[in-house]
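Reviewing the structure listed below.
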Amino acid sequence: MARSRYEYGTNPRKLEPDNGKVKQPQKKKLKALEDLPKQDVKISPKQRKTQIKLAFLVAGIFLILLTISYRNSQINEKFSEVQTLKKELSNIQKENEQLKVSIENSININTIEKLAKEKLGMQKLTNKQTVYVALPKKDYVESASEEVTIEEEKNWFEQLIEKIFKDG
Numbered sequence: 034m035a036r037s038r039y040e041y042g043t044n045p046r047k048l049e050p051d052n053g054k055v056k057q058p059q060k061k062k063l064k065a066l067e068d069l070p071k072q073d074v075k076i077s078p079k080q081r082k083t084q085i086k087l088a089f090l091v092a093g094i095f096l097i098l099l100t101i102s103y104r105n106s107q108i109n110e111k112f113s114e115v116q117t118l119k120k121e122l123s124n125i126q127k128e129n130e131q132l133k134v135s136i137e138n139s140i141n142i143n144t145i146e147k148l149a150k151e152k153l154g155m156q157k158l159t160n161k162q163t164v165y166v167a168l169p170k171k172d173y174v175e176s177a178s179e180e181v182t183i184e185e186e187k188n189w190f191e192q193l194i195e196k197i198f199k200d201g
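Given below as structure tokens:
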């Protein structure tokens, strides 16, 4: 019986004569684990301490990595919050600039005059509407007869120093 499997390698396979017998692969006899007597594994106290230290080290490294991961997630969250606040700030600044421009345009004298004519129905003054008022030439401002002095309030330390130097 010829083999039909592909063989890797450079050596040609040996042909065996076909006697009509099918060759069975030989099974190696392995001892089962159940057949072996159970042995008590004794771990020395030194090995036990080493195992405990190693377990704590692995748990500590895991906790450190978990903490770092948590902090990074918080940093990313705050960063995205800062980015949204920056966008909001830029939008508010743009709106503020637009409002400043509209205020400057509304303060223009030509715009005010146009709005007064259109919305309020106002007109420019004519010479007939002008009224002259005669005022006496007396000055209505009175001069101060007393001298005004302004004293600043002093703290307790300055008052103490002032008393010491006045007495001395």
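Position in the sequence shown (from 1) plus 33 gives the number in this note's numbering. Quick reminder that beta carbons are idealized off the backbone N, C-alpha and C, glycines included.
Exercise for the section: Measure the alpha-carbon distance for residue 152 versus residue 119 and round it to whole angstroms. Expected result: 41 angstroms
Exercise for the section: Note down, in chain order, each residue of its chain lying with its Cβ closer than 6 angstroms to the Cβ of residue 149, except the 5 sequence neighbours on either side. Expected result: 155
Practice task
Could you tell me the distance, in whole angstroms, from the CA atom of residue 196 to the CA atom of residue 189?
Solution key: 11 angstroms
Practice task
Rounded to whole angstroms, what's the CA-CA distance from residue 107 to residue 101? Just pull it up for me.
Solution key: 10 angstroms
Practice task
Under 6 angstroms Cβ to Cβ from residue 99, same chain only, skipping five residues before and after it: list those, please.
Solution key: none
Handout entry: For residue 123, three-class secondary structure by DSSP
Key = helix
Practice task
Identify whether residue 199 lies in helix, strand or coil by the three-state DSSP scheme.
Solution key: helix
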